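Notes for the one structure printed next.
Numbering (this note's numbering), first residue to last: 21 to 498.
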């Protein structure tokens, strides 16, 4: 496929934000993106393509536009790039906004990201499950053979369950990603039962592990997503970037042309300007009244609920099912007051309590905290509306005291709680994980709600939106 390159000058900032602080009225940045208020009000501005939203999908779209010399302007409502993939710096600690792990096996990410520059730190390939008052290790036999051998007799699944995990690995590795994402689907819980897994291993391992990934304790999420994640886990590692999960969107933003990103610029509508005789492409209006006209099209790369609001008078891009939500609590401790130094994920396999999973972030990536301190990350599924932060903190401390002992956990200090109402789109069946990004003349939609609810899905959707736009504008020829 040959691209007809446009020799048009790029419109406007890039470079990159350092991890943001809690102050939303200003930011420390390695570059100075122009705020929308710096523009004069009266006349609309033009750009080749306008991308709304600088999350992973929007940044991927901008990356592909840039690679084809297509001029664009990326508008972001907040003070930094990243969308849901953000890291805050608080009292010397790096706090990811919610439980987020980067899987190196993501195929689209491998094409777009420089893993070496991200300085990825690996988790242990497996998990430590709290079950019947004790911890039991579940290991990847291909990476931790002896650990896996020793775990054969533990109560987290029977020998048959462990053989079924191996056969599931073979099954998903034998399929292409396209086959997986378009295959017949059931819920994850129904798939696990159909494959023959015992209720015991489903409750003690699959429910907290994949429930923590999907933010779905019931495992209603489509089996397509389960198979895709299982395949990526088999091919890659669970990791954290040294500078926090927010380093991923920052890396993408840093490659874009100077002045191509406009922060603090909330778009309130996408519309066609009837006053313009040749209005084949839509315009966008910011909250402050500024108008930007696109010459080639608009790519809407915001979260699913916001996408519907930006496109009034049209059918919603996707039928909404209710978002997946989560609460993430962070604690600090002296390094001596954590039980292990292993970079392992802990799962609540007991079936009781509100903690789903937790880990010591500084065990995985020491850069997440000062040299003498540890950072504890605890993830809950759901929003726990009506329960105060203080009450949630007290309950988490009580539960983890049962895991690690009250004398140790009692020394931990609560640092911050994140309540994330829209952590992921709900992808229970029926789903279409390969949706068409076209949404009317000159308007394209991207985001993980159009593909898989993963980092990779967001990146894929951004690329597909650009491919559709280029094809529609006859900028691609076979």
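For glycine and all other residues, C-beta sits at the position ideal for the given N, C-alpha and C.
Quick caveat: nothing in here was measured; it's all calculated off a predicted structure.
Can you round the beta-carbon distance between residue i and residue j to whole angstroms, since I take them to be within the 8 Å contact cut?
{"i": "residue 141", "j": "residue 394", "result": "Wrong, their Cβ atoms sit about 15 Å apart, outside the cutoff."}
{"i": "residue 467", "j": "residue 481", "result": "6 Å"}
{"i": "residue 192", "j": "residue 171", "result": "Not a contact, Cβ separation roughly 22 Å."}
{"i": "residue 143", "j": "residue 364", "result": "7 Å"}
{"i": "residue 218", "j": "residue 167", "result": "Between residue 167 and residue 218 the Cβ distance is about 21 Å, and since that is not below 8 Å, they are no contact."}
{"i": "residue 433", "j": "residue 392", "result": "Between residue 392 and residue 433 the Cβ distance is about 14 Å, and since that is not below 8 Å, they are no contact."}
{"i": "residue 269", "j": "residue 101", "result": "5 Å"}
{"i": "residue 290", "j": "residue 463", "result": "6 Å"}
{"i": "residue 256", "j": "residue 123", "result": "5 Å"}
{"i": "residue 444", "j": "residue 250", "result": "17 Å between Cβ atoms; not a contact."}
{"i": "residue 371", "j": "residue 223", "result": "6 Å"}
{"i": "residue 489", "j": "residue 316", "result": "6 Å"}
{"i": "residue 288", "j": "residue 272", "result": "Contact doesn't hold; Cβ gap of about 25 Å is too wide."}
{"i": "residue 237", "j": "residue 227", "result": "7 Å"}
{"i": "residue 420", "j": "residue 110", "result": "Incorrect: roughly 20 Å between the Cβ atoms, too far for contact."}
Could you give the first and the last residue of the continuous beta strand (DSSP E) run that contains residue i?
{"i": "residue 466", "result": "Looking at the DSSP string, residue 466 is not in any beta strand (DSSP E), and its letter there is neither H nor E."}
{"i": "residue 354", "result": "344-354"}
{"i": "residue 401", "result": "393-401"}
{"i": "residue 443", "result": "433-444"}
{"i": "residue 116", "result": "113-116"}
{"i": "residue 305", "result": "303-306"}
{"i": "residue 289", "result": "287-291"}
DSSP beta-bridge partners for residue i?
{"i": "residue 153", "result": "DSSP lists no partner for residue 153."}
{"i": "residue 261", "result": "140"}
{"i": "residue 366", "result": "148 and 378"}
{"i": "residue 69", "result": "92 and 317"}
{"i": "residue 242", "result": "207"}
{"i": "residue 109", "result": "114"}
{"i": "residue 458", "result": "464"}
{"i": "residue 75", "result": "102"}
{"i": "residue 282", "result": "95"}
{"i": "residue 159", "result": "146"}
{"i": "residue 123", "result": "258"}
{"i": "residue 312", "result": "65 and 304"}
If you check the beta carbons only, do residue i and residue j fall under 7 Å apart?
{"i": "residue 486", "j": "residue 164", "result": "no"}
{"i": "residue 424", "j": "residue 343", "result": "no"}
{"i": "residue 200", "j": "residue 247", "result": "yes"}
{"i": "residue 314", "j": "residue 69", "result": "yes"}
{"i": "residue 243", "j": "residue 208", "result": "yes"}
{"i": "residue 366", "j": "residue 148", "result": "yes"}
{"i": "residue 380", "j": "residue 347", "result": "no"}
{"i": "residue 440", "j": "residue 118", "result": "yes"}
{"i": "residue 411", "j": "residue 437", "result": "no"}
{"i": "residue 245", "j": "residue 99", "result": "no"}
{"i": "residue 252", "j": "residue 126", "result": "yes"}
{"i": "residue 216", "j": "residue 183", "result": "no"}
{"i": "residue 240", "j": "residue 448", "result": "yes"}
{"i": "residue 311", "j": "residue 303", "result": "yes"}
{"i": "residue 116", "j": "residue 264", "result": "yes"}
{"i": "residue 82", "j": "residue 276", "result": "yes"}
{"i": "residue 176", "j": "residue 156", "result": "yes"}
{"i": "residue 403", "j": "residue 472", "result": "no"}
{"i": "residue 390", "j": "residue 112", "result": "yes"}
{"i": "residue 138", "j": "residue 274", "result": "no"}
{"i": "residue 422", "j": "residue 151", "result": "no"}
{"i": "residue 383", "j": "residue 361", "result": "yes"}
Could you spell out where the alpha helix (DSSP H) holding residue i opens and where it closes?
{"i": "residue 503", "result": "An answer regarding residue 503 cannot be provided, because it is not within the stretch 21 to 498 covered by the chain."}
{"i": "residue 422", "result": "409-424"}
{"i": "residue 486", "result": "475-492"}
{"i": "residue 105", "result": "Here residue 105 belongs to no alpha helix (DSSP H), and DSSP marks it neither H nor E."}
{"i": "residue 387", "result": "No alpha helix (DSSP H) contains residue 387, which DSSP labels as neither H nor E."}
{"i": "residue 192", "result": "179-193"}
{"i": "residue 231", "result": "227-234"}
{"i": "residue 329", "result": "324-330"}
{"i": "residue 168", "result": "165-170"}
{"i": "residue 130", "result": "127-132"}
{"i": "residue 274", "result": "267-274"}
{"i": "residue 199", "result": "197-201"}
Give a yes or no on whether the minimum CB-CB distance between residue i and chain D is below 7 Å.
{"i": "residue 483", "result": "In the structure shown, chain D does not exist; there is a single protein chain."}
Is there contact here, the segment 69-84 with the segment 308-321, by at least three beta-carbon pairs under 8 Å? In short, these stretches touch, since the Cβ pair count reaches three.
Taking 8 Å as the threshold, find out whether the segment 225-241 comes into contact with the segment 372-386 through three or more Cβ pairs. Contact between the segment 225-241 and the segment 372-386 is present: 3 or more CB-CB pairs across the two stretches fall below 8 Å.
For the segment 472-480 and the segment 446-454, state whether three or more C-beta atom pairs, one from each stretch, are separated by less than 8 Å. A contact exists between the segment 472-480 and the segment 446-454.
Hey, is the segment 102-119 in contact with the segment 130-146, meaning 3+ C-beta pairs nearer than 8 Å? Contact between the segment 102-119 and the segment 130-146 is absent, because fewer than three Cβ pairs lie under 8 Å.
Contact between the segment 397-407 and the segment 258-273 (3+ Cβ pairs under 8 Å): When C-beta atoms of the segment 397-407 are compared with those of the segment 258-273, fewer than three pairs fall below 8 Å, so the two segments do not count as touching.
Would you call the segment 346-357 in contact with the segment 410-420, where contact means no fewer than 3 C-beta pairs closer than 8 Å? Contact between the segment 346-357 and the segment 410-420 is present, with at least three C-beta pairs closer than 8 Å.
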